[in-house]
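Numbering (my numbering), first residue to last: 12 to 444.
A quick write-up on the structure given underneath.
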Amino acid sequence: MSVNKSPMINKLGVISSSYHEKFLKSKIQNLRKRRKNKSNPSFSITKEFILKFNQARNPKEKEELLDLARKTILRCKRKLGLKTLGSGKHVHLPTAWTEVIYLAQCKGEIQDEALNMLYASLDHASFDYDHLPTLFFVAESVLYRLCCDALQKTYLYSVEIKLIKIGYLVFLRLFIYFLHGHLGSFKQHLFRLQPYLYALCFSGDSYHKYPNIFSNVQFILKTMEIIYKRELLSGSIFSPVENKKSHKNIDSDMEHLQLNQGGYEVNHLLWHCVAAWSCVQKNSPQLNKVLEHLISHKVQLQKKCWLDSILALLVLGEAAKLNMACLKALMELMKDFLSSIMSVQNQEEGCKVEDISWAWNVVYMYITILAEICLYATTSNLRKTAFIGFCVCKSSQKDILLMSKSEEPPELKEASILGLLEYFSSKISDNCK
């Protein structure tokens, strides 16, 4: 009896291994093609969404848009890597910075949250050449908001303060890239910032009442003045007509620029501060010698090139959050600096009284650095020392509150928070007599 063998139908779907491999490969290729063909938008927040969000009147529509914005905030936090100091496979800073700066145009709680996130990210993110186009975009966005929106207000408001602080961090980063010679191919981006910087340089009067904000604005203008002089050679943030007039308010330290080949010449104090920071990071035994050389260059802090002085204090301040010897050197530098600028007799020859205004940019920055050490230093001893100093005098509080008219005002003993409070309180008391 013949047997007809019908073809086997594999109802369980089991196939040969060779065909299985081919099948999987084809599936993977199809999936990749689909992903490439998907037209996902670069950013979920568009101009249309911003207008709709800010103009919404219907409560239900408002809640829906707010919910969408909150979800975007959460995605941005992940892309920024706020919990991982900007590191991780899920982090993409250029994308996140761009999306956050768009979110910051949505009024209310979303705006505040977006600006806070952007500030935190710029404060701790690492440096990468690929970040530069986005940094210029953020810089232009911040300057636009300040010049076209904030400056039209008759008072200083919280969003403006946040924008200026973000601007300070952005332009600090741009200046560091400039020191490394990375801005040569970004001349067009620099030209785009020029009209906004020109407008900002005439807004100084509106910030004089707020010294810390004013110093941030001055920092932005000074860094860009130097960058324009170097990268654009004959360029300036000022128009030719107003150039001389503007330079009366913003001092020029162009003697530190070598416009031919050398680039920007960094002074010895800044170099030694960087060396001290490096020694702390590597736990090097050479730290004490470096700090000795650093203190020997303290006179450079009193020179008019205050941008170098601020950078030096910033670097040394980071080291002081980790090391007591660096904190001591930082406070010694500022004690000598303050003593010199507060006494006309101890000023350098040829330094006029009205020229001392530049020095307060250094003082305000130092106070900010010292406050950060009080809050974020790695040990309680460092935080305590930054606040009350190395030598605790029991009569300090009495000197501040109960100073008699016949009593001589105390000299600056230490550049700690308490020491500065005592010293400047005595100066205020003298002015009130």
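The beta carbon of each residue, even a glycine, is placed where N, CA and C say it ideally should be.
In this text the structure is predicted, and so the values were computed from the model without any measurement.
Taken in chain order, no unbroken stretch of beta strand (DSSP E) lies wholly in the stretch 172 to 201 with a span of 3 residues or more.
Leaving aside the five residues that flank D141 on each side, the residues in its chain whose CB is nearer than 8 Å to its CB run, in chain order, P105.
Ranked by Cα distance from Y387, the first of R81, L333 and A286 is L333. Ranking A131, F213 and V277 by CA distance to the CA of K176 puts A131 first. Under the DSSP assignment, T396 falls in the alpha helix (DSSP H) whose first and last residues are S391 to I399. Cα atoms of I321 and M345: separation of roughly 11 Å, rounded to the nearest angstrom. The beta strand (DSSP E) runs lying completely inside the stretch 319 to 350 and spanning 3 residues or more number zero.
Judged by DSSP in its simplified three-state form, Y168 adopts coil rather than helix or strand. Remark: C-beta atoms of L338 and I384 approach each other more closely than 8 Å. Under the three-state reduction of DSSP output, Y239 falls in the helix class. Judged by DSSP in its simplified three-state form, Y434 adopts helix. Cα atoms of T234 and C158: separation of roughly 18 Å, rounded to the nearest angstrom. A direct Cα-Cα distance of roughly 27 Å separates I399 from Q311. Going by DSSP, T145 is part of the alpha helix (DSSP H) stretching over L143 to C159. Taking C-beta atoms as the reference points, L232 and L208 count as a pair closer than 8 Å.
Less than 8 Å divides the Cβ of L201 from the Cβ of E242.
Straight across, the Cα-Cα distance linking R156 with K220 is about 21 Å.
A80 is the residue among L423, A80 and L324 whose C-alpha sits nearest the C-alpha of E120.
Remark: C-beta atoms of H279 and V301 do not approach each other more closely than 8 Å.
The DSSP-derived three-state label of E383 is helix. Around the beta carbon of C117, a 10 Å sphere encloses 16 or more other beta carbons of the protein chains shown; the residue is thus reported as buried.
In the structure shown, S427 adopts coil according to DSSP, grouped into three states.
By alpha-carbon distance to V228, the top candidate from V181, K240 and L423 is V181. DSSP, read as helix, strand or coil, puts V102 in coil. Q66 and F60 have their C-alpha atoms spaced approximately 10 Å apart. A straight-line Cα-Cα distance of about 10 Å links T83 and R89. Between the C-alpha atoms of Q313 and W371 there is a straight-line separation of about 11 Å. If you draw a straight line from the Cα of Q297 to the Cα of L393, it is about 21 Å long. Between V373 and F348 a beta carbon distance of about 7 Å is seen, short of the 8 Å cut, so the two are scored as contacting. Inter-residue distance for S437 and L423 is about 10 Å (C-alpha atoms, whole angstroms). For P144, the closest of L204, I352 and S351 by C-alpha to C-alpha distance is L204. Boundaries of the alpha helix (DSSP H) harbouring L79: P70 to L91, taken from the DSSP string. In the structure shown, the three-state DSSP call for E110 is helix.
Under the three-state reduction of DSSP output, C290 falls in the helix class. Per the coordinates, the alpha-carbon of Q163 lies some 22 Å from the alpha-carbon of F148.
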